[in-house]
């Protein structure tokens, strides 16, 4: 039998397409629609309670991770999304809601699902972060990029078009996961960067790894900003009253 890494239990209690149509036609003063909305909320609460009971029962019967410590940690634990830390972005082909958990960033409501395991991430990089931008991108580089049999294109993933209002919350979540983080003002060609890293692994690792790569980028961006400031000062000097 093939081993399974991620397991999701779900119940389809509302058709996505039908829900969108209903939302467009919704009238807050229509009594029937108001009652239907209450029924849907009641069903959602019922399912939430049933899933909570199911999770508790499964957790109770799971064997311990260490047979010598029957009261210790179980062989696995449920990972529950933090709904209050939701942010929106495009991990595949459309804008969706994404939720941090203790170990992951996930989108599970629609297909294709998105599961980014933070323990497998070597670097988180914020792209297109500069004044005037209304959104940014977030790229995760996976530790597997150093494996000989790994395809470079499969060793990183990007979530695009994240609204800047989520920037601080996302960064705080990743800091708690103790991920290495950098940011820049442009998108990066990760295939080229990772190929160069693998090719020159010994030298780059000796000089500081990601730090030496993106520290140089930061220095260049600071120089560009200084040049712009100097140009502005020169323009001011040329003003004649």
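In this note's numbering, the protein residues as written are 189 to 429. Here a beta-carbon is modelled for each residue, glycine too, at the ideal position from N, C-alpha and C.
query: Cβ of residue 312 within 7 Å of Cβ of residue 382?
result: At least 7 Å separates the beta-carbon of residue 312 from that of residue 382.
field: Minimum Cβ-Cβ distance from residue 381 to chain B less than 7 Å
entry: In the structure shown, chain B does not exist; there is a single protein chain.
- request: Please name the residue or residues paired with residue 252 in a DSSP beta bridge.
  value: DSSP, once it has assigned bridges, lists 262 as partnering residue 252.
Residue 271 in three-state terms, based on DSSP: Collapsing the DSSP output to three states places residue 271 in a helix.
- prompt: Counting pairs of beta carbons, one from the region 373-387 and one from the region 295-304, are three or more of them closer than 8 Å?
  reply: Touching, no, given that fewer than three Cβ pairs across the two stretches are closer than 8 Å.
- request: Please go through the same chain and pick out, in chain order, the residues whose beta-carbon is closer than 6 Å to the beta-carbon of residue 348, but skip the five residues on each side of it.
  value: Same-chain partners within the cutoff: 278 and 325.
Whole-Å CB distance - residue 276 paired with residue 265, under 8 Å assumed: Between residue 276 and residue 265, the beta carbon gap of about 27 Å keeps them out of contact (Cβ cut-off 8 Å).
field: Meets three-Cβ-pair contact criterion under 8 Å: the region 348-363 and the region 315-332
entry: A contact exists between the region 348-363 and the region 315-332.
message: Measuring straight from C-alpha to C-alpha, what distance separates residue 212 and residue 252?
response: Bear in mind that the predicted position of residue 212 carries a pLDDT of just 47, short of 50, making it too unreliable to give a figure here.
- prompt: For residue 307, which of 314, 291 and 319 has the nearest alpha-carbon?
  reply: Checking every option, the nearest Cα to that of residue 307 belongs to 291.
task: Sort out for me which residues DSSP pairs residue 432 with in a bridge.
output: A question about residue 432 goes unanswered here, because the residues of the chain that appear run from 189 up to 429.
message: Going by the DSSP bridge assignment, what does residue 325 pair with across the sheet?
response: Answer is 315, bridged to residue 325.
- prompt: Among 260, 228 and 363, which residue has its Cα nearest to the Cα of residue 200?
  reply: Per the C-alpha coordinates, the member of 260, 228 and 363 positioned closest to residue 200 is 228.
Closest by C-alpha distance to residue 360, when choosing among 289, 197 and 239: The option with the nearest alpha carbon to residue 360 is 289.
- request: Could you give the DSSP three-state label for residue 302: helix, strand or coil?
  value: Residue state, collapsed to three classes: strand.
- prompt: What did DSSP end up calling residue 257 once you bin it into helix, strand or coil?
  reply: Coil, per DSSP.
- prompt: So, are the CB atoms of residue 267 and residue 260 less than 7 Å apart?
  reply: No; because the gap between Cβ atoms is not below 7 Å, this pair is not in contact.
- request: Name the one or two DSSP bridge partners that residue 346 has.
  value: Residue pairing of residue 346 in beta bridges, as defined by DSSP: 327.
The beta strand (DSSP E) enclosing residue 284, as first and last residue numbers: Counting along the chain, the beta strand (DSSP E) containing residue 284 begins and ends at 284-288.
- prompt: Cα-Cα, which of 225, 375, 294 and 240 is closest to residue 327?
  reply: Per the C-alpha coordinates, the member of 225, 375, 294 and 240 positioned closest to residue 327 is 375.
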